Amino acid sequence: MRHLLAALFLALSTVAAAQQAPRIAVTDLAYEEQVARYFQYTRFQGKSSHRESERYADSDYSSRGSARSSGRTEIDYESISGDIVYIDRGELRKFTADIKGEMLKSGVYRVVQAKPYTAKDNEKLYDVIDRIKKGYFPNADYVLFGSITSVEPRRELNPIQGSDAISASLSMELVAEFSLIDTKTYEVKAAFSAMGEGQDMRLLKDPGQVAHLSRGKVMREVAQSLGVDVATQLEEQFNPGAARRARGDRYREETIERREERIIEYR
Numbered sequence: 247m248r249h250l251l252a253a254l255f256l257a258l259s260t261v262a263a264a265q266q267a268p269r270i271a272v273t274d275l276a277y278e279e280q281v282a283r284y285f286q287y288t289r290f291q292g293k294s295s296h297r298e299s300e301r302y303a304d305s306d307y308s309s310r311g312s313a314r315s316s317g318r319t320e321i322d323y324e325s326i327s328g329d330i331v332y333i334d335r336g337e338l339r340k341f342t343a344d345i346k347g348e349m350l351k352s353g354v355y356r357v358v359q360a361k362p363y364t365a366k367d368n369e370k371l372y373d374v375i376d377r378i379k380k381g382y383f384p385n386a387d388y389v390l391f392g393s394i395t396s397v398e399p400r401r402e403l404n405p406i407q408g409s410d411a412i413s414a415s416l417s418m419e420l421v422a423e424f425s426l427i428d429t430k431t432y433e434v435k436a437a438f439s440a441m442g443e444g445q446d447m448r449l450l451k452d453p454g455q456v457a458h459l460s461r462g463k464v465m466r467e468v469a470q471s472l473g474v475d476v477a478t479q480l481e482e483q484f485n486p487g488a489a490r491r492a493r494g495d496r497y498r499e500e501t502i503e504r505r506e507e508r509i510i511e512y513r
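With the first letter of the sequence shown counted as 1, position 264 gets the number 510 in our numbering; the numbers rise by one all the way through.
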């Protein structure tokens, strides 16, 4: 009887917790980088003019004449070169699937779909409150906004001591900052940095051998490790289900104890 009651209350509390789990919209990872582009501008303009004049005079005994010619040329040349520096902003539509998957595995959150940011004005990309007001995150209680702070791809060739073989590797580290924002109060509920990393390695035995390293494998490992790190830190800082589970455990214990007391009384 005791085990049956415990199982019943556990099932009811699980359903209630799932219905009360907060709905979180996960944005694509935003990025911002400074881009320098070389430019060169050249302008060439020429202008010329030419004048000629002649005078002749004749008399009975002589003839006189004169001719004059003049020319003028103007050349205007201008050359400007340098770098145009501008800020490029956008969203990287990768890596978030594993973040959503790890959040769902935890059973603490519900994940809702956010609308992609398609506005041409990228100045508002980082203005999450403005995006909330414009309805980019329908039905979401919270928004998990992530932005990339560092991406470091590396390709290395390292000789192996004691042999002629070479170890070829392709790796990448990605660091992003995340903030969990309440869509009603705009309060920040959690904030942290998370990292994802991946690597592919091949052993080259011949000096002329070409290393075929898998970029897809590296990207998959980066996405998976980033998802685990994000879900772990998010649950550490924001886990409303933990308090409900603690209250539910106390309620189940008290209820079972009361029912056991009643059974003892009526024996």
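Glycine included, each C-beta is placed from N, C-alpha and C at the ideal position. Only a predicted model underlies this, so the values are computations on that prediction, with no experimental measurement involved.
Residue i - DSSP class collapsed to helix/strand/coil
{"i": "K361", "result": "coil"}
{"i": "V434", "result": "strand"}
{"i": "P486", "result": "helix"}
{"i": "V474", "result": "helix"}
{"i": "T342", "result": "helix"}
{"i": "S439", "result": "strand"}
Close Cβ partners of residue i (< 6 Å) along its chain, the five nearest in sequence each way excluded
{"i": "L420", "result": "V397, G442 and V468"}
{"i": "A386", "result": "R269, A271, V358 and T429"}
{"i": "K451", "result": "A411"}
{"i": "S471", "result": "G442 and E443"}
{"i": "T431", "result": "none"}
{"i": "N404", "result": "S413"}
Pick from the options that is closest to residue i, judged by C-alpha positions
{"i": "T273", "options": "I345, R297 and L416", "result": "I345"}
{"i": "L416", "options": "R401, F424 and S471", "result": "R401"}
{"i": "L390", "options": "E433, S460 and M447", "result": "E433"}
{"i": "S393", "options": "F341, L459 and S409", "result": "F341"}
{"i": "G473", "options": "A343, T364 and E320", "result": "A343"}
{"i": "Q445", "options": "P399, F383 and Q407", "result": "P399"}
{"i": "A477", "options": "P384, L350 and Q407", "result": "L350"}
{"i": "A440", "options": "R377, A365, Q407 and T395", "result": "T395"}
Cβ neighbours of residue i in the same chain (closer than 8 Å, five flanking residues each side left out)
{"i": "K435", "result": "Y388, L426, I427, D428, Q483 and F484"}
{"i": "E337", "result": "T273, D274, L275, A276, Y277, P362, Y363 and L371"}
Cutoff 7 Å; reference residue i; Cβ partners in own chain excluding five residues on either side
{"i": "R449", "result": "In the sequence as presented, Arg is not what sits at residue 449; that position holds Leu. For L449, where only same-chain residues beyond five positions count, the Cβ hits under 7 Å are A411 and S413."}
{"i": "F438", "result": "F424, Q479 and Q483"}
{"i": "V374", "result": "V389, F391 and I427"}
{"i": "A267", "result": "V354, Y355, R356 and G487"}
Buried or exposed by the 16-neighbour rule on C-beta atoms within 10 Å, applied to residue i
{"i": "Y355", "result": "buried"}
{"i": "Y332", "result": "Any reading at Y332 is ruled out, since the residue's pLDDT is 45, under 50, leaving its predicted position unreliable."}
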